[in-house]
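Protein chains in written order, with our numbering: chain A, 1 to 219; chain B, 220 to 438.
2 protein chains.
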Amino acid sequence: MTRVMPEPDTRTKILEAALELFRERGFAEATMREIASRAGVASGLAYYYFDSKDAIVLAFYQRAQEELAAAMELAQRGKTLTDRLQAMIEARLKYFEPNRRFLGALMAHAANPSSPLSPFGEPSKEIRDREFARIQRAIEETGTAVPKDLAPRVPRILWMYQLGLLLFWIYDPSPKQERTRALIDKSLGLVITLLRLSNVPLLRPARRTVMDIVEILEG
Amino acid sequence: MTRVMPEPDTRTKILEAALELFRERGFAEATMREIASRAGVASGLAYYYFDSKDAIVLAFYQRAQEELAAAMELAQRGKTLTDRLQAMIEARLKYFEPNRRFLGALMAHAANPSSPLSPFGEPSKEIRDREFARIQRAIEETGTAVPKDLAPRVPRILWMYQLGLLLFWIYDPSPKQERTRALIDKSLGLVITLLRLSNVPLLRPARRTVMDIVEILEG
DNA sequence: GTCTATATCGGGATAGAC
DNA sequence: GTCTATCCCGATATAGAC
Chain A
1 MTRVMPEPDT RTKILEAALE LFRERGFAEA TMREIASRAG VASGLAYYYF
51 DSKDAIVLAF YQRAQEELAA AMELAQRGKT LTDRLQAMIE ARLKYFEPNR
101 RFLGALMAHA ANPSSPLSPF GEPSKEIRDR EFARIQRAIE ETGTAVPKDL
151 APRVPRILWM YQLGLLLFWI YDPSPKQERT RALIDKSLGL VITLLRLSNV
201 PLLRPARRTV MDIVEILEG
Chain B
220 MTRVMPEPDT RTKILEAALE LFRERGFAEA TMREIASRAG VASGLAYYYF
270 DSKDAIVLAF YQRAQEELAA AMELAQRGKT LTDRLQAMIE ARLKYFEPNR
320 RFLGALMAHA ANPSSPLSPF GEPSKEIRDR EFARIQRAIE ETGTAVPKDL
370 APRVPRILWM YQLGLLLFWI YDPSPKQERT RALIDKSLGL VITLLRLSNV
420 PLLRPARRTV MDIVEILEG
């Protein structure tokens with residue numbers, strides 16, 4: 001029953017050492033020299049595998065997507081759209097939990113869309129598209145009724161919503177991030193309600209406007 | 220008619236030199252040595268007046284508030300709440316226009332609530348409170364009807380809305396930031412519409428939820 | 001208190017030898 | 001792919017002129 005761990009390659013060793021140090025002392029405080037040293041390699045070598053310190057975080061972010069894929073698949077078993085969205089959000093928070101604190105440092109760069117760390121930028125486009133597709137699938141499989149004209153925008157809207165929650169969670173100072181939990185509870189219901197209400201005649205003009213706005217946001 | 224410019228003090232000279240360089244080559248690329256050199260002082264002196272490169276940006280941010288106060292006062296002449304909000308937003312964008320590009324670098328740190336540059340943090344509380352008050356005054360003076368229970372939250376909601384627009388503008392890649400203009404046009408109407416609609420019986424539950432959410436966001 | 005000059009350090013990033 | 005040496009820059013510290 002003893003599983004033989006395969007020797008991790010150098011790149012992975014460096015990545016892991018970096019994450020350890022980020023957790024222990026924060027992103028800014030961890031130095032590349034330390035990272036290399038803990039990985040047992042020369043400091044220059046870290047730059048052979050990663051273009052920059054930021055790039056290490058990007059690699060972590062990308063690996064996270066792969067490792068999260070399974071949990072996301074599980075989330076697709078929910079009956080309602082609400083169930084699925086909630087499961088997706090919870091899965092993400094649970095996965096990032098050990099690194100929550102240093103994710104804050106990450107967000108500093110993420111605000112800039114031209115940064116490789118930005119969720120809106122070109123480098124993360126693939127990841128983003130997969131997330132859109134996942135949400136789209138959840139909408140279809142749960143048979144959620146969405147106004148036809150609004151339909152193409154909805155995945156992006158919900159994706160932005162999820163991103164907002166993640167951002168709030170990262171900086172949530174409350175114990176065990178309970179405020180984030182409350183926020184999810186309250187807001188998820190509201191979002192779904194609004195989605196359903198968007199067919200009501202009274203809200204038609206507002207809905208059109210929302211569509212225009214999302215279109216502008218998309219560029 | 221020749222106006223004699225008073226010789227700017229050293230601190231101002233350094234601040235101005237820094238802003239020039241930030242504009243020309245970006246925040247990260249401008250070095251403290253260069254800043255000091257352009258200001259015609261020894262590099263050490265820059266650190267005598269500013270604790271760090273970041274601190275220069277903070278000083279700029281604070282000066283901006285003072286210089287913007289007059290324009291904000293002018294915005295209070297609008298008849299409707301929409302007029303006033305629009306004027307406030309436009310005034311801010313116009314003022315920051317020359318420095319728009321390097322404001323991006325600023326936002327990088329602003330994302331972190333514990334940073335002195337964060338609009339949510341303690342150091343900027345005074346500025347923030349003045350902005351709340353300004354919005355509150357605009358609501359009252361224009362006689363805008365707001366549901367009683369929602370009323371205390373509205374200034375903060377509108378403040379967040381303005382902040383979102385500013386953020387979008389900073390990173391707006393469209394020529395002359397025309398997308399931001401379109402976004403303002405569309406969204407401002409929507410926000411005001413929703414505010415008015417919030418009295419409609421159908422939307423009562425949604426309104427309660429929104430209130431709960433804003434309460435959570437406020438902490 | 002204001003300013004220059006200079007030395008030093010720590011850390012991200014790069015070049016080039018092997 | 002790996003290492004060593006080096007560069008650049010932000011930041012700190014200090015000594016001293018005015």
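Heads up, the beta-carbon is just placed ideally off N, CA and C, and yes, glycines get one too.
* Asked: Where does D228(B) sit, in a helix, a strand or coil, going by DSSP?
  -> What you label residue 228(B) is simply residue 9 of the second sequence in a count that begins at 1. Here DSSP, grouped into helix, strand and coil, assigns D228(B) to coil.
* Asked: Span of the alpha helix (DSSP H) holding Q86(A)?
  -> Taking the first residue of the first sequence as position 1, residue 86(A) is located at position 86. Per DSSP, Q86(A) belongs to the alpha helix (DSSP H) from 81–96.
* To do: May I have the straight-line CA-CA distance separating P147(A) from A70(A), to the nearest angstrom?
  => For the purposes of this step, residue 147(A) is taken as residue 147 along the first sequence, with counting starting at 1. For the purposes of this step, residue 70(A) is taken as residue 70 along the first sequence, with counting starting at 1. Between P147(A) and A70(A), the C-alpha separation is close to 30 Å.
* Asked: Which parts of the stretch 14–69 of chain A are runs of the alpha helix (DSSP H), unbroken and 4 residues or longer, counting only runs that do not cross its ends?
  -> The stretch 14–69 of chain A contains these whole alpha helix (DSSP H) runs: 32–39, 43–49.
* Asked: How would you call N331(B), buried or exposed, if buried means at least 16 neighbouring beta carbons within 10 angstroms?
  -> As a working note, residue 331(B) is residue 112 in the second sequence. By the neighbour-count rule (16 or more Cβ atoms within 10 Å), N331(B) is buried.
* Interface partners of P332(B) on chain A, CB under 7 Å -> As a first step, residue 332(B) is located in the second sequence; it is residue number 113 there, counting from the start. Simply Y171.
* How about G323(B) and Y280(B): do their beta carbons lie closer than 8 Å? -> The count along the second sequence starts at 1 and reaches residue 323(B) at position 104. The count along the second sequence starts at 1 and reaches residue 280(B) at position 61. Contact: no.
* DSSP on G390(B), reduced to helix/strand/coil? -> Looking up residue 390(B) in the second sequence gives position 171. Going by the sequence as given, residue 390(B) is Tyr instead of Gly. Coil at Y390(B), not helix or strand.
* **Partners in chain B for L117(A), counting only beta-carbon separations shorter than 9 Å** => Reading the first sequence from its first residue, position 117 is the one you call residue 117(A). The contacting residues do not exist; L117(A) stays about 10 Å from chain B at best.
* Asked: Do we get a CB-CB distance below 8 Å when we pair S406(B) with the residues of chain A?
  -> Position 187 of the second sequence, counted from the start, is the residue given in the question as residue 406(B). For S406(B), the answer is yes, since a Cβ of chain A falls inside 8 Å of its Cβ.
* To do: Assign L293(B) to buried or exposed, taking buried as 16 or more other Cβ atoms, counted over all protein chains shown, within 10 Å of its Cβ.
  => Stepping through the second sequence from its first residue, residue 293(B) is reached at position 74. Counting Cβ neighbours within 10 Å, L293(B) comes out exposed, since fewer than 16 surround it.
* Short Cβ contact (8 Å threshold) for L300(B) with I254(B) -> Here residue 300(B) refers to the residue found at position 81 of the second sequence. Here residue 254(B) refers to the residue found at position 35 of the second sequence. Not a contact, by the Cβ cut-off of 8 Å.
* F387(B) versus S256(B), A364(B), L312(B), residue with shortest Cα-Cα distance -> For the purposes of this step, residue 387(B) is identified with residue 168 of the second sequence, where counting begins at 1. For F387(B), the nearest C-alpha among the options comes from L312(B).
* Does any C-beta atom of chain A lie closer than 8 Å to the C-beta of R242(B)? -> Here residue 242(B) is taken as the residue at index 23 of the second sequence, counted from 1. Chain A, which has no Cβ nearer than 8 Å to the Cβ of R242(B), makes this no.
* Are I435(B) and K186(A) close, meaning C-beta to C-beta below 8 Å? -> Residue mapping note: residue 435(B) aligns to position 216 of the second sequence, counting from 1. Residue mapping note: residue 186(A) aligns to position 186 of the first sequence, counting from 1. Taking 8 Å as the Cβ cut-off, I435(B) and K186(A) qualify as a contacting pair.
* **8 Å Cβ cutoff, M160(A) in contact with chain B** => The residue given as residue 160(A) occupies position 160 in the first sequence. Output row for M160(A): interface = no.
* Just to confirm, are F339(B) and R375(B) a CB contact at a threshold of 8 Å? -> Along the second sequence, one-based indexing puts residue 339(B) at 120. Along the second sequence, one-based indexing puts residue 375(B) at 156. No, the pair does not count as a contact, with Cβ atoms beyond the cut-off.
* **9 Å Cβ cut-off: residues of chain B touching A28(A)** => Numbered from 1 along the first sequence, position 28 holds the residue referred to as residue 28(A). Here the premise fails: no neighbours, minimum Cβ distance about 10 Å.
* Supposed contact pair A236(B) and R257(B) - C-beta distance, whole angstroms, cut 8 Å -> For the purposes of this step, residue 257(B) is taken as residue 38 along the second sequence, with counting starting at 1. For the purposes of this step, residue 236(B) is taken as residue 17 along the second sequence, with counting starting at 1. Rounded, the Cβ-Cβ distance is 4 Å, consistent with contact.
* To do: Counting only the same chain and skipping the five closest in sequence on each side, list residues whose C-beta sits under 7 Å from that of R77(A).
  => The residue labelled residue 77(A) in the question sits at position 77 within the first sequence. Close CB contacts of R77(A) within its chain, under the 7 Å cut and outside five residues either way in sequence, are absent.
* For P371(B), does the three-state DSSP call read helix, strand or coil? -> Counting from 1 along the second sequence, the entry for residue 371(B) is found at position 152. Three-state DSSP puts P371(B) in a helix.
* Counting only the same chain and skipping the five closest in sequence on each side, list residues whose C-beta sits under 8 Å from that of R242(B). => The residue labelled residue 242(B) in the question sits at position 23 within the second sequence. Shown here for R242(B): same chain residues with a beta carbon closer than 8 Å to its own, the five before and five after excluded, namely P317, N318, R320, F321 in chain order.
* Asked: If the cut is a Cβ gap below 7 Å, which residues of chain B does D212(A) touch?
  -> Residue mapping note: residue 212(A) aligns to position 212 of the first sequence, counting from 1. Here the neighbours are K405.
* So what's E350(B) in DSSP terms, helix, strand or just coil? -> In the second sequence, the residue the question calls residue 350(B) occupies position 131. Three-state result, E350(B): helix.
* My understanding is that Y158(A) touches I135(A), with C-beta atoms under 8 Å, so please give their C-beta distance in whole angstroms. => As a working mapping, residue 158(A) is identified with position 158 in the first sequence. As a working mapping, residue 135(A) is identified with position 135 in the first sequence. It should be pointed out that residue 158(A) corresponds to Leu in this sequence rather than to Tyr. Yes, they are in contact, since the Cβ atoms of L158(A) and I135(A) sit about 5 Å apart, within 8 Å.
* **N- and C-terminal bounds of the alpha helix (DSSP H) containing P205(A)** => Stepping through the first sequence from its first residue, residue 205(A) is reached at position 205. P205(A) -> alpha helix (DSSP H) spans 204–218.
* Helix, strand or coil at L336(B) [DSSP, three-state] -> The residue you call residue 336(B) lines up with position 117 of the second sequence. The DSSP-derived three-state label of L336(B) is coil.
* **Close Cβ partners of L183(A) (< 8 Å) along its chain, the five nearest in sequence each way excluded** => The sequence position of residue 183(A) within the first sequence is 183, counting from 1. Around L183(A): L165, F168.
* **Rounded distance between the beta-carbons of A265(B) and I233(B), thought under 8 Å** => Residue mapping note: residue 233(B) aligns to position 14 of the second sequence, counting from 1. Residue mapping note: residue 265(B) aligns to position 46 of the second sequence, counting from 1. That pair is a contact at about 5 Å.
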